[in-house]
Structures are given as structure tokens and as C-alpha cells.
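Participant: Per this note's numbering, numbering of the sequence shown is gapless, rising by one per residue and ending at 341.
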Amino acid sequence: MNVLCTGNKNKPKINTIVNNLYSLFENTDHKLYIDKKIENVVKEKSFDYLSLYKPSKHIDFVVSIGGDGSILSAVRRMGDSQLPIVGIHIGNLGFLNKLNKNDFIKVFKDILTSKKLKYENKILLKASFINNKNINDSILALNEIYIKQGEISRLLTLDVDINNKYLNTYRCDGLIISTPLGSTAYSLSAGGPIVSYDVDCNIINPVSPHTLSSRPIVINCNNEITIKCPDKNSNIMIFSDGQDSRFIKKNTKILIKNSDISAKFLKLKNDTSYYEKLRSNLGWHK
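1) If you follow the alpha helix (DSSP H) that THR281 is part of, which residue opens it and which one closes it?
2) What residue range is occupied by the uninterrupted alpha helix (DSSP H) comprising ARG226?
3) If you scan the stretch 126-200 from start to end, which runs of the alpha helix (DSSP H) of 4 or more residues do you find wholly inside it?
4) Would you identify the three-state DSSP class for THR266, choosing helix, strand or coil?
5) Residues in the same chain with beta-carbon distance under 6 Å from LYS91, minus the five sequence neighbours each way, listed in chain order, please.
6) On the criterion of 16 or more Cβ atoms from any shown chain inside 10 Å, does ASP315 qualify as buried, or is it exposed?
7) For LYS319, which residues in the same chain have their Cβ closer than 7 Å to its Cβ, ignoring the five residues on either side in sequence?
8) Are there 16 or more other CB atoms within 10 angstroms of the CB of LEU267, so buried, or fewer, so exposed?
9) Could you tell me if ASN157 is buried or exposed, where buried requires 16 or more neighbouring beta carbons within 10 angstroms of its beta carbon?
10) Using 8 Å as the threshold, is the stretch 252-266 in touch with the stretch 274-293, meaning 3 or more CB pairs across them?
11) Using 10 angstroms around the beta-carbon of GLY122, count the other beta-carbons present and answer buried if the total reaches 16, otherwise exposed.
12) Quick check on DSSP: helix, strand or coil for SER314?
13) Quick one: what's ASN325 bridged to in DSSP?
14) Three-state secondary structure (DSSP) at ILE24?
15) Can you give me the Cβ contacts of MET56 inside the same chain, cut-off strictly under 7 Å, excluding the 5 residues immediately before and after it?
16) Grab me the residues of LYS283's own chain with a C-beta within less than 6 Å of its C-beta, minus the 5 sequence neighbours each way, in chain order.
17) Keeping to the same chain, check which residues put their C-beta closer than 7 Å to that of LEU222; ignore five residues upstream and five downstream.
18) Given a cut-off of 8 Å on the beta-carbon distance, is the pair VAL96 and LEU59 in contact?
19) Taking just the CA atoms, how far does ARG131 sit from SER300?
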């Protein structure tokens, strides 16, 4: 197998984990490549380096070392060329990572001896921006798309349609469009519902709405959301998973729907159940 390793270069333990992986791959038929993004922190070995942007088709899967942010970054950087991914957790949050520093060697031995990789698809949101000059741009998100005022922190007015049918005019500090996977991220902190990762839906969640009757709504994931800002004086900014961002020009429509491309998370033999992760990460057992 050919594996591409990436991660958060600011994590002090990343070098140790990469070297342990190198030792595991050494003198085998398997090949470990290193993402050019972390090249400067793993110079001790003679690695081959590749870019995670549009990764080579001969890579079987990606391993991300860090927290949830490292997984989000890796998925975003792969763009239209999504490969199966698995995370080794050495960060603060671990909803998306399946391995930790204590068990990754044993699990990797099982992966490398398996005959076939199995993975599960996760929804990716695609936000497209269309203005009167017919200039198109788009971004992908695994957790959520977030829309807010650009430069001045004041109330934002947004008209929202679903499948070209008017839903509501939100007056709020911002608007979150979340996937089920992202329901435990920013949307949860803004009062949104926890939605099981295997439910085919998306969540529209206003942040600090002007009226208490503006509540989160769960919609079918096949619906297309159209968002317009009637306030010509507003400078809107849109964020993808808190990492990628765009300033939206006036008279621009934002179209949000499920992408034709899915993120691919590697399935492991002894995966922790989703509900066990909820109990652990949200402290329900305490």
C-alpha cells in the first residue's frame, strides 16, 4: 500500500509518530510518503514527499496526525480528489480521529495486512457564489458553512430559499449550514441539535437571532439552499470549516447543496461507536 502522511506541524509529538510509522513501513512492500506541508519537521529520514493538493492516484489512503482541525484541513486540501483518510489524535478535539498515540501502531499493522480497504462516505457541502457578472467560485466544507458580516460586527439580514421556495428572512449575527457530522461542532455551540452522522440531512442554524422564534431547522440533504442579502450595505464573509474564507461581493447569490464528491473515512475493525464518542467527548459519563 502507498500511504500519504500529513498533519499539524505545530504539534510537538508529530515527529515521533511519523518516525514510528517509518519504522513500521521500513523493509516492507508498503510505502510511506510525507506531505510537503510537514516536510520541515520530519527531516531525519529519507522520505519521499508529495503534495496533498490533488494527490497522486496511486496513494491508497491518507493518515492525518493532529486534532479535528488537521482532518478538516486535509479534506479541504484534497478538494475534488478525495482519498480515504484516518486520523491519529494528538490534538484537543477528537470527534473525527479514530486512532490515538497508544494504539495506532497495532491498528496500522492490521490495515497493512488487510486485503481490501473499507471506508464510509461523509457529506461534503458545496457553496457556490454567483453574481451578475456570471463569475463562479465555490468552496467545500465537511462540518459547516458559516456566513457573517465581513468587517463590522452588526446584525446581518439574509433571505433564505429552499428549492426556490421562500423559507425565512433571518436577522442574526450569522448563519450556519451544517452537515450531520458538523452538528457536534460550531452548530452545537450555537444551540443546534445533535444529529447522528448517518442521517441524510443538513441543518440551517441562525447565530444569535434577533427573534427567539428563529430556531434551527433540519432539512433533507438533497435540497438546495439559496441565500441572498437584501442589505446593499452589507459586506458578507463566508467560512468553510473555520479555515477557508471568501468575501462576498454585493448582489451575489450563495447556493449551498451537497457536493457530488464525498469525504472518505477509513473503516477500522474495532471502530469506536458514534454514541460512545458522544458520551466521551461531551462528558455525558461524568
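Glycine included, every Cβ here is placed at the ideal spot set by N, Cα and C.
Facilitator: Short version:
1) Counted from its first residue, the sequence shown places residue 281 at position 226. THR281 -> not in any alpha helix (DSSP H); beta strand (DSSP E) instead, spanning 280-283.
2) Here residue 226 is taken as the residue at index 171 of the sequence shown, counted from 1. Counting along the chain, ARG226 sits inside no alpha helix (DSSP H); it lies in the beta strand (DSSP E) bounded by residues 220-227.
3) Counting whole runs of 4 or more residues, the stretch 126-200 contains the alpha helix (DSSP H) stretches 159-168.
4) Here residue 266 corresponds to residue number 211 of the sequence shown, with the count starting at 1. When secondary structure is reduced to three states using DSSP, THR266 falls in the coil class, being assigned neither helix nor strand.
5) Along the sequence shown, read from residue 1 onward, the residue named residue 91 stands at position 36. Cβ neighbours of LYS91 beyond the five flanking positions: TYR104, SER106.
6) Numbered from its first residue, the sequence shown carries residue 315 at position 260. An exposed status is given to ASP315, since fewer than 16 other beta-carbon atoms sit within 10 Å of its beta-carbon.
7) Position 264 of the sequence shown, counted from the first residue, corresponds to residue 319. Scanning its chain for C-beta atoms nearer than 7 Å, with the 5 sequence neighbours on each side dropped, one finds around LYS319 the residues GLN137, LEU138, PRO139, ILE140, TYR174, ASN176, in chain order.
8) Stepping through the sequence shown from its first residue, residue 267 is reached at position 212. Burial call: exposed.
9) In the sequence shown, the residue the question calls residue 157 occupies position 102. Classification of ASN157: exposed, given that the 10 Å Cβ count is below 16.
10) With a cut-off of 8 Å, the stretch 274-293 and the stretch 252-266 count as touching, because enough Cβ pairs lie within range.
11) As a position in the sequence shown, residue 122 is number 67, starting the count at 1. Buried.
12) By one-based count along the sequence shown, residue 314 stands at place 259. Here SER314 sits in coil by DSSP.
13) Residue numbering aside, residue 325 sits at position 270 when the sequence shown is read from its first letter. ASN325 pairs with nothing; no bridge assigned.
14) Since the displayed the chain opens at 56 and closes at 341, residue 24 lies outside it and no answer follows.
15) As a first step, residue 56 must be located in the sequence shown, where it is residue number 1. Taking C-beta separations shorter than 7 Å and ignoring five residues to either side along the sequence, the partners of MET56 in its chain run HIS85, ASP115, LEU167, following chain order.
16) For the purposes of this step, residue 283 is taken as the residue at position 228 of the sequence shown. Excluding sequence neighbours, LYS283 sits near ASP214, LYS308.
17) Within the sequence shown, the letter at position 167 stands for residue 222. Counting only residues of its own chain and dropping the five nearest sequence neighbours on each side, LEU222 has a CB closer than 7 Å to the CB of VAL215, ASP216.
18) Residue numbering aside, residue 96 sits at position 41 when the sequence shown is read from its first letter. Residue numbering aside, residue 59 sits at position 4 when the sequence shown is read from its first letter. No, the Cβ-Cβ distance between VAL96 and LEU59 is not below 8 Å.
19) Looking up residue 300 in the sequence shown gives position 245. Looking up residue 131 in the sequence shown gives position 76. Each residue's Cα considered, the two are about 12 Å apart.
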